[in-house]
Structure formats: structure tokens, C-alpha cells
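Engineer:
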Amino acid sequence: MADRRTYNVVILGLGFLFIFTAFTTCGNVEQTIVKSLDNSTFTGSGYHSLGIIYGVFSFSNLIAPTAVKVIGAKVSMFLSGLLYSGYIAVFIIPSTWSFYLTSVLIGIGAALLWTAQGEFLIENSEASTINRNTGMFWALLQCSMLFGNLYIYLDWNGETDISESSRRNIFLFLLVASVLGTLSFLVLRKSHNEEEMLSEEEGQSLLFESDMNNPQQKKPFMYSTLVCNRGHAATASTHYCSAGLELAFYSGVYGTCIGATTHFGEAAKGLIGISGIVVGVGEIVGGGLFGLLCKNSRFRRTSVVFLGMVVHFIASYLIFLNIPGDAPIVLETTTQLSPYLNPSVSIALLCSFLLGLGDSCFNTQLYSILGHVYAEESMPAFAIFKFIQSVSAAVAFFYSGYLMLMWQLLLMVILGFTGTLCFFVVERMQDVFVDPQEY
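Mind the numbering: the sequence shown is residues 102 to 540 in the working numbering, read in order.
1. Helix, strand or coil, according to DSSP, for Thr465 in the structure here?
2. Measuring straight from C-alpha to C-alpha, what distance separates Ile430 and Leu458?
3. Would you kindly work out how many angstroms separate the C-alpha atoms of Gly152 and Thr144, rounded to a whole number?
4. Would you call the stretch 439-453 in contact with the stretch 417-424, where contact means no fewer than 3 C-beta pairs closer than 8 Å?
5. Around the Cβ of Asn464, are there at least 16 other Cβ atoms within 10 angstroms (buried) or fewer (exposed)?
6. For Ile172, which residues of its own chain have a beta-carbon under 8 Å away from its beta-carbon, when the five flanking residues on both sides are left out?
7. From Glu539 to Thr283, what does the alpha carbon distance come to, in whole angstroms?
8. Which stretch, first to last residue, makes up the alpha helix (DSSP H) that contains Pro166?
9. Less than 8 Å between the CB atoms is what I'm expecting for Leu241 and Gly210, so what's the real figure, rounded?
10. Count the other CB atoms within 10 Å of the CB of Val110; is the residue buried (16 or more) or exposed (fewer)?
11. Can you tell me the Cα-Cα spacing of Ala174 and Leu222, whole angstroms?
12. Report the start-end ranges of each alpha helix (DSSP H) in the stretch 377-431 that is 4 residues or longer and not cut off at the edges.
13. Quick one: grab the DSSP three-state call for Met507.
14. Kindly give me the distance between the Cβ atoms of Ser150 and Glu131, rounded to whole angstroms, as I take these residues to be in contact under 8 Å.
15. Can you tell me whether Ala369 is helix, strand or coil according to DSSP?
16. I'd like to know if His340 contacts chain B, where contact means its C-beta is closer than 7 Å to some C-beta of that chain.
17. If contacts are defined as beta-carbon pairs under 8 Å, then Tyr252 and Phe486 qualify, I think. What distance do you get, rounded to the angstrom?
18. Under a three-way DSSP split, which group does Ile194 fall into?
19. Just reading off the alpha helix (DSSP H) that Asn234 is part of, what are its end residues?
20. In the DSSP assignment, find the alpha helix (DSSP H) that holds Asn162 and state where it starts and stops.
21. By how many angstroms is the C-alpha of Phe498 removed from the C-alpha of Arg529?
22. Residues in the same chain with beta-carbon distance under 6 Å from Asn162, minus the five sequence neighbours each way, listed in chain order, please.
23. Judging by CA-CA distance, which residue of Ser146, Ile120, Val386, Ile263 is the nearest neighbour of Ser279?
24. For Thr569, does the three-state DSSP call read helix, strand or coil?
25. Measure the alpha-carbon distance for Leu467 versus Thr403 and round it to whole angstroms.
26. What three-state label does DSSP hand Asn250 in the structure shown?
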């Protein structure tokens, strides 16, 4: 039975690896691709598209638990993968209406995908394996930052303009990866038999959860509201917001900033790919270190989150010194302003690593604490987390094309600090809701 659980977690991670090889690479280069289009009829914005995705994603999370309960986690993830593939396909022959239409559809698909993923991961984990499985899944997921971005580097290095044939070849490659990830969900095995696999006490909880009279089963939307009203979720919301701003910055804004930096010359476009790879390396190191190796204790969770905050503060300060302030907002030209330091490729890539490492510190511990606090109601809890995170990411993407870099970094620092404090409070509150014997 344990082998089946591990098999499911690995296949889940591989499916997400392929799908997000396509999507994260697309997000990393999207604004740069849009700016390079030689098409007078296309008026889309990469930032606006990503903002729409996360905005629709956030509100779709309110109904995602209901949909996943009706059609099942496996089917939900498969259908969502098809929507992701459709979004990638748009870039092969781009048009404004299909660009924004698929942005809406992928937002809906993302809500189903992540809600189903959270539920499936919890179903295949125990209190003793949740950190291991979270770290394993997170490390596989973040490998998605490597392969697509490596393609970008090899294809764009030394190029100042992105040709139509180059764009089509890139997105054909990404489309194949997305389809492979979608098909992998079809080989997931059925979840374990709760009554046989868990202890008597845990089994009674899950049996109660599967009872048709359970309000979570009949009214997931209402149950999500009840979960949100708990002190844990309300207090942790600031940390969720901070995670959303970080997600928007490292996945869509920072790569665009590097590609627009005049001082990097002909290497600038290729550095977008290298930056994405290094972010992925940071995510993988964090996932392995803090997910697989850390024991399941509150002390370690708070320590890891504190480390993530410090790492992000250092990255934000170095980016402020190394990247021109107008880098996120320039359109058809490169940057006109000069930063405080002479822009250094080494510092830029160090910041990429720190962004990935810090994000992994936050996310592995958020998944871990959600898995413990809401073990019996995981689906609405994950939906609430993704709702708050994606609302803040949507807002960040919409202001990214208008706000100077220093102000974006300042917002992340302020929310990162307050979010870390809130995480500490949640850990202190946990004893009220969770039996200390679980630890």
C-alpha cells in the first residue's frame, strides 16, 4: 500500500513537471514574446494575460471543491491539463481574442488542478509522510523550471530579436510537454482504502468525511467559508498574499526585467532562460532540503519560513541595486535608467537562485501546515490558500507593467515580513485545533 502511495505521488509530480515545463516557461518569457511580435493586429499584454489567469483562478477556487467532488481528482486534473495545453497552443498562431479567452479558461482549469492536487496529495499521505511527499512533489514540480528554460537559453542566446520560426518551434516543444503531462494523469491509481490503511482514529475521521451527511461533501462552498473563518486561515492570509506577490515576481516579472536590461547586451534574452533555470535550482534545493530532510516539527517549520524571509530580503536588496528601475515597464525599447551598481550577470543569477530558494522555503512549509491543520478538510483549505495567493498574484501582474521596480520590491518586503510573523502566530494557535500527539 505504501508503494502505491509513493507511486501516486511520483506520477503526480511527473505530470505537473511536464505541464509546468510548458506553463512556467511560457510565463517567464510571455511578456518578452508579446513585445517581439511583428503583428499590428495583436494588442495583448503578457502581464494582463497572467493577471487574468490568476484573477479567474482565485474566484474559481470558490467552486473548485464542488467540481472536484463531483468529477473526481483524477478527471479534474486531466481536464485541466487540456486547458493548459490550449493556452500554450495559442502562442503558435497568436491572436488577441484567443489569447485572452484561453487566459480565462486556464484560470478555471488551474483552480480545478490545484484543488484536486491538494486533495490527492493528502489522500496519499500520513502524518509521518506528509513532509516527505510534499518535498518530493515540490522538487519534481520545480524541475519544470529547468528544461523549457534551457531551450530558451540555447535558442535565444546572442539574439536581440525573436523570430516567428523561433517562437513557433519553442511553443510546439512546450505543447508536446503539456500534452504528455496531461496524459500521465490517466495512469494514476485509485487512492488507498482509508478504512484499512489508517489507524482506527484516522479511519473514523475519513469515514465521517465520506458520509453524505457531511457538510463538506454536500456544500463545499459553504464549508470553505467555515474553514476560512477559522483563526488559522484568517491569520495566515497575509502569508498567502506574500506568496502570491513572490510567485508573480519570480515567474513573470524578473525574467522580463533581465531581458530588458540594456547593460546585458546581446546576452540579455538568453539570460531569461538561464535565470529561469537557476530559480528552478533554488526551488529544487529548497524542496529537497526542507521537505525531504526536515523532521515534522513546528520548530523546524518556523525556522525554515524565517530563513525564507531573510533570503528574499537579501534578493530584493540586490535586485534593487543591480537591475534598472524601469526594467518591468519598458515596452518596445530596453531600459533607459541606470541602477546603483553596474549590472552584473552573476548578481542577477544569484538573485534568481535566492528567489527560488526563498519561495520553496515558504511553500513547502505552507503545504505541510495545511496538511496537518486541515487533514480532515484538506480540499476547501487548499482552495482558500490558492484563492488568496492567486488574488494577490493577479493584482501584482496588473501593476507590474506600470510600477517601478523599487516599489514592487518594497511591497514584497513589507508583506514578506508581516506574512512571516503571521505564520509564527498560526503555529502558536495550532494546539487549539490539532492534537499535540500528532507531533
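Note that CB positions come from ideal geometry on N, CA and C, so glycine has one too.
Structural biologist: Taking the definition as stated:
1. In the sequence shown, the residue the question calls residue 465 occupies position 364. Residue state, collapsed to three classes: helix.
2. As a first step, residue 430 is located in the sequence shown; it is residue number 329 there, counting from the start. As a first step, residue 458 is located in the sequence shown; it is residue number 357 there, counting from the start. Whole-angstrom Cα-Cα distance: 26 Å.
3. Here residue 152 refers to the residue found at position 51 of the sequence shown. Here residue 144 refers to the residue found at position 43 of the sequence shown. Going from the Cα of Gly152 to the Cα of Thr144 covers about 16 Å.
4. yes
5. Locating residue 464 in the sequence shown gives position 363, counting from the first residue. Looking at its Cβ environment, which holds 16 or more other Cβ atoms inside 10 Å, Asn464 is buried.
6. The sequence position of residue 172 within the sequence shown is 71, counting from 1. Taken in chain order, the residues that qualify are Leu180.
7. Indexing the sequence shown from 1 puts residue 539 at position 438. Indexing the sequence shown from 1 puts residue 283 at position 182. With a pLDDT of only 43 at Glu539, under 50, the local geometry of the prediction cannot be trusted, and no value is derived from it.
8. For this step, residue 166 is matched to residue 65 along the sequence shown. Looking at the DSSP string, the run of the alpha helix (DSSP H) that includes Pro166 is 165-172.
9. For this step, residue 241 is matched to residue 140 along the sequence shown. For this step, residue 210 is matched to residue 109 along the sequence shown. Not confirmed; about 20 Å, so no contact.
10. Start at 1 with the first residue of the sequence shown, and residue 110 comes out as number 9. So Val110 counts as buried.
11. For the purposes of this step, residue 174 is taken as residue 73 along the sequence shown, with counting starting at 1. For the purposes of this step, residue 222 is taken as residue 121 along the sequence shown, with counting starting at 1. Their Cα atoms are separated by approximately 10 Å.
12. 399-423
13. By one-based count along the sequence shown, residue 507 stands at place 406. Met507: helix per DSSP, three-state reduction.
14. The residue labelled residue 150 in the question sits at position 49 within the sequence shown. The residue labelled residue 131 in the question sits at position 30 within the sequence shown. At roughly 7 Å, the Cβ-Cβ gap stays under 8 Å, so Ser150 and Glu131 are in contact.
15. Residue numbering aside, residue 369 sits at position 268 when the sequence shown is read from its first letter. Note: Ala369 maps to helix in three-state DSSP.
16. Of the protein chains in this structure there is only one, and it is not chain B.
17. Mapped onto the sequence shown, residue 252 falls at position 151. Mapped onto the sequence shown, residue 486 falls at position 385. Incorrect: roughly 31 Å between the Cβ atoms, too far for contact.
18. Stepping through the sequence shown from its first residue, residue 194 is reached at position 93. Looking at Ile194 - three-state DSSP - the assignment turns out to be coil, as it is neither helix nor strand.
19. Taking the first residue of the sequence shown as 1, we reach residue 234 at position 133. Element bounds for Asn234: 231-243.
20. Mapped onto the sequence shown, residue 162 falls at position 61. Taken as a continuous stretch (DSSP letters only), Asn162 belongs to no alpha helix (DSSP H), as it is neither H nor E.
21. Taking the first residue of the sequence shown as 1, we reach residue 529 at position 428. Taking the first residue of the sequence shown as 1, we reach residue 498 at position 397. Arg529 and Phe498: Cα-Cα distance of roughly 33 Å.
22. Here residue 162 corresponds to residue number 61 of the sequence shown, with the count starting at 1. If we look at Asn162 and ignore the five residues flanking it on each side, its Cβ neighbours are Ala212, Ala484, Lys487, Phe488.
23. Along the sequence shown, one-based indexing puts residue 279 at 178. Among Ser146, Ile120, Val386, Ile263, the Cα nearest to that of Ser279 belongs to Ile120.
24. Shown here, the chain extends from 102 to 540; a query on residue 569 therefore has no answer.
25. As a first step, residue 467 must be located in the sequence shown, where it is residue number 366. As a first step, residue 403 must be located in the sequence shown, where it is residue number 302. Their Cα atoms are separated by approximately 10 Å.
26. What you label residue 250 is simply residue 149 of the sequence shown in a count that begins at 1. Here Asn250 sits in helix by DSSP.
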